[in-house]
Amino acid sequence: MTEDLLNDFGRPRVFNTPLAESACTGYAIGLALNGHRPIEEFQFADFATEAVTQIALNAATMHFRSGAGCPLVFRLPCGSVGLGSFHSQELESVFLALPGLKALYPSTPQDAFNALLAAYEDGNPVLLFEHKGLYRRGKHPVAWDLDYRDVWHPRLLRQGDYATFVAYGEMVHLAAEVCEFLGTEYEAGFDLFDLRCLAPLDLTAIGESLARTHRLIVLHEGRLTHGFGAEIVARLVESHFAALKAPPLRIGSLDLPVPFAHELDAAFRPTRDKVIEKITGWMT
Amino acid sequence: MAFPPPPSLLTARDLSAAELKQDPVGALLRIYTWMHYARTLDNRYLDFFRQGIMKGTLAGGQGNEGLIVPLALLADKATDVVCFTHRGLGGHLIWSGHLCDHINQYFANAGSPTRAREGNIHHGDPANRSIPMISHLGAMLGVVLGATDSQRRLGRPAVGFAIFGDGSSSTGDIHESLNLASLLSLPVVFLIENNGYAYSTPVSEQFAAGTPLWRRAAGYGMEGFALDATDVPACAAKLAATIAQVRATSRPVLIEVETLRLRGHAAYDTCTYLRPGESEEFFARDPLPRLRAQLVESAGAARVAAVEAEVNAYIETCVTISLAIPRPDPAGMEADLFAPAQDPLPWAPSLEGVRRPDPFSGEPDHGAGAQPRPAQDPDRTPRIAGPRAGHRRLRGRLQGDGGPPE
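The following block contains the structure:
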């Protein structure tokens with residue numbers, strides 16, 4: 013992840029740290045306050061829990077309480093790739109329950125590139141969630157995209173009339189497969205959105221879609237209870253209650269620690285077959 | 011209402027090691043001036059708390075002035091980095107800002123420098139490298155480390171002052187930060203304000219007997235020692251020497267400062283957990299009256315009284331102004347959660363190149379790498395003035411590994 017950066021920028025700017033997530037995050041905050049733009053890479057998002065005070069209480073409140081900008085990027089490799097409870101978690105709803113953090117969660121190499129630029133130039137602490145399953149999902153060319161700031165907003169991936177379907181991260185790919193299947197087998201079309209930006213949350217286009225389709229599905233890998241989908245659904249129901257023809261459908265992982273064995277992990281989190289089953293059950 | 015100019019006494023915010031040696035009376039009188047100023051203001055705040063017009067965890071620095079005042083006077087306020095604790099009012103007064111700003115912060119009124127979003131001691135001056143503390147004091151150390159390193163990376167010979175208490179000395183952040191500062195060879199003075207209590211928990215219930223905190227320095231390969239802040243002249247002299255040493259060597263130092271907490275944890279603290287007579291013992295060790303007696307002897311009673319009268323009058327003038335300032339307006343809170351959008355960074359994309367020159371070699375870096383580069387990046391300007399022992403050593407060690415481990 014840092015090999016080319018090291019070659020390009022050298023050891024003074026690209027360096028290892030001791031396993032001291034809290035002090036090192038504080039160190040990054042100090043650099044940011046004095047005019048640098050640090051990027052902190054956590055190896056596994058799970059270990060950012062060692063730095064919750066620094067991220068969520070110190071950096072995230074800085075502008076509100078002092079007027080000082082704190083431009084920081086936290087790269088958070090997340091998601092389950094069969095590594096068990098402590099190397100697999102989706103922590104977006106944990107961190108975003110506390111105010112003052114922006115969050116991007118790309119699903120493609122181009123969006124990951126754009127998100128890194130957008131996060132880096134922002135004047136605030138930005139969580140950059142990177143699903144580990146996407147690191148090796150295949151190589152794609154990445155281009156300089158003048159519209160890289162669009163990553164702060166959802167992207168419409170496909171269009172259809174049956175329902176509005178929202179996903180982010182690796183689940184976007186699963187959602188696309190499911191839409192393909194349901195289009196072929198059930199002749200049901202979906203407006204599929206890759207949310208991309210979790211905070212600040214922009215649901216304008218998704219709301220407009222919902223006003224047309226009247227049905228809503230939200231899919232994420234994070235656990236269902238207090239999951240990020242609850243916030244999306246709540247907001248959209250508040251704004252579009254009268255437009256709904258069906259109860260919104262939330263799909264997420266079980267309310268359990270992330271289990272290790274792949275058979276258990278497959279039972280824990282959304283899979284293609286389970287998502288199809290949930291949606292078709294909901295459709296009938 | 012315009013803020014009144016401070017008396018000339020309170021425009022002298024600096025002190026040098028040379029002055030301490032060559033003009034000890036003048037130097038001590040300056041220290042006394044700021045100590046008296048801080049003490050009087052802290053006590054005035056206590057009055058306002060009791061009157062119900064100051065709220066919250068109003069923690070005072072009464073008893074800690076013998077450390078914080080000489081420290082702030084000796085620091086280079088144009089370069090250094092500090093994070094004061096809730097015992098550091100005197101330090102805030104010296105570092106920056108007008109007294110009315112400071113009082114407004116405590117009243118949490120419409121003139122508060124934090125827009126009343128924080129109260130009391132939870133302020134600072136980030137633009138001048140005084141970092142506003144959160145209550146988790148251990149967490150502030152890493153921030154001091156980063157801002158100090160930032161100054162050094164920009165070629166400025168800064169020293170950082172990372173201050174915490176006997177209470178926060180038990181938190182993991184302290185270990186992490188001492189280790190990191192030593193590893194990176196950061197010029198940071200770590201100061202433990204050991205006043206004997208973490209709120210109501212005495213040090214005897216915080217760490218094992220016979221394990222003075224300064225000895226922990228040895229485990230990090232740094233110098234450590236104890237310092238008695240109730241002996242103000244000696245404390246000031248040792249601080250001056252230590253700051254000069256850290257500035258020159260860029261090696262961190264850990265100081266366990268024996269200090270006092272005369273008024274409990276905060277204004278609401280009834281101190282019922284103290285032994286009978288313990289509070290009186292604290293006051294008997296209070297350095298302020300002793301320093302005053304010494305100065306009455308050396309500078310004359312009239313001069314000392316004149317200083318006090320001028321400072322007291324200034325405080326009352328500013329209090330009157332601050333009391334007339336209206337309560338804060340909630341408007342704008344939500345808009346200020348995030349820093350406003352800035353102009354885009356001047357990206358200079360270069361996606362075609364394959365060559366990746368070392369940006370520190372002085373070679374032009376046209377066509378380098380797949381990352382768009384900011385055209386102006388402070389990190390890319392020469393910034394390390396003089397040797398940086400820490401980074402050289404770190405690089406040397408890692409290069410010795412036969413290459414980066416990534």
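Chains as they are written, first to last, in the working numbering: chain P, 13 to 296; chain D, 11 to 416. We put the beta carbon where it would ideally sit given N, CA and C, even for glycine. No experiment lies behind these values; they were computed from the predicted model shown.
- For F348(D), the closest C-alpha among the options E33(P), A188(P), L113(P) is that of L113(P).
- DSSP places S265(P) in the uninterrupted beta strand (DSSP E) bounded by 261 to 265.
- The beta carbon of S106(D) lies closer than 8 Å to those of K87, D135, N138, S140 in the same chain, with the five residues before and after it left out.
- Between the beta-carbon of A278(P) and that of E186(D) there is about 38 Å, and that puts the pair past the 8 Å contact cut.
- Taking 7 Å as the cut-off between beta carbons, the residues of the segment 51 to 70 of chain P near chain D are T65, Q66, L69, N70, in sequence order.
- Under the DSSP assignment, V91(D) falls in the beta strand (DSSP E) whose first and last residues are 91 to 93.
- At a cut-off of 9 Å between beta carbons, S160(D) contacts chain P.
- Remark: C-beta atoms of L207(P) and I263(P) do not approach each other more closely than 9 Å.
- Contact holds between the segment 114 to 122 of chain D and the segment 334 to 341 of chain D, because three or more Cβ pairs, one in each stretch, are under 8 Å apart.
- At a cut-off of 9 Å between beta-carbon atoms, L223(D) makes no contact with chain P.
- Per DSSP, reduced to three states, the secondary structure at H99(P) is coil, with no helix or strand assignment.
- Between P297(D) and A228(D), the alpha-carbon positions lie close to 30 Å from each other.
- The Cβ atoms of H133(D) and S78(P) sit closer than 9 Å to each other.
- Secondary structure note for H108(D): it is in no beta strand (DSSP E), with a DSSP letter that is neither H nor E.
- The beta carbon of H96(D) lies closer than 6 Å to those of A69, I131 in the same chain, with the five residues before and after it left out.
- Chain order gives the chain P residues near N189(D) as P30, A32, A35, where near means a beta carbon separation below 8 Å.
- Chain-order list of chain D residues neighbouring I41(P): G152, V153, G156, by C-beta distance under 8 Å.
- The C-alpha of L56(D) lies about 36 Å from the C-alpha of P262(D).
- Among the CB atoms of chain P, none fall inside 9 Å of the CB of W105(D).
- In this structure, the beta-carbon distance from A200(P) to V287(P) does not fall below 9 Å.
- Burial is judged here by how many other beta carbons sit within 10 angstroms of a residue's own beta carbon; N28(P) has fewer than 16 and is exposed.
- Distances from the alpha-carbon of L99(D) to those of R49(D), T89(D), T211(D) put R49(D) closest.
- Our two residues, D157(P) and A127(P), have alpha carbons roughly 11 Å apart in a direct line.
- For F193(P), not one C-beta of chain D is nearer than 9 Å to its own C-beta.
- For H226(P), the closest alpha carbon among the candidates H238(P), D203(P), P30(P) is that of D203(P).
- Bridge pairing for L139(P): F86(P), A115(P) [DSSP].
- I265(D) places its beta carbon less than 9 Å from that of L201(D).
- Boundaries of the alpha helix (DSSP H) harbouring H185(P): 183 to 198, taken from the DSSP string.
- Under the three-state reduction of DSSP output, V242(D) falls in the helix class.
- Between H143(P) and G91(P) a beta carbon distance of about 4 Å is seen, short of the 8 Å cut, so the two are scored as contacting.
- By the 16-neighbour rule on beta-carbons within 10 angstroms, D183(D) is buried.
- Listed along chain D, the residues sitting closer than 7 Å to N136(P) by beta-carbon distance are F348, A349.
- When C-beta distances to chain P are compared with 8 Å, the residues of the segment 318 to 352 of chain D below that value are M343, D346, L347, F348, A349, P350, A351, Q352, in chain order.
- E266(D) sits in a strand when the DSSP states are folded into three classes.
- Contact between L116(P) and V163(P) holds, since their C-beta atoms are separated by about 6 Å, short of 8 Å.
- Under the 8 Å Cβ criterion, the segment 164 to 183 of chain P counts as touching the segment 208 to 215 of chain P, having at least three qualifying pairs.
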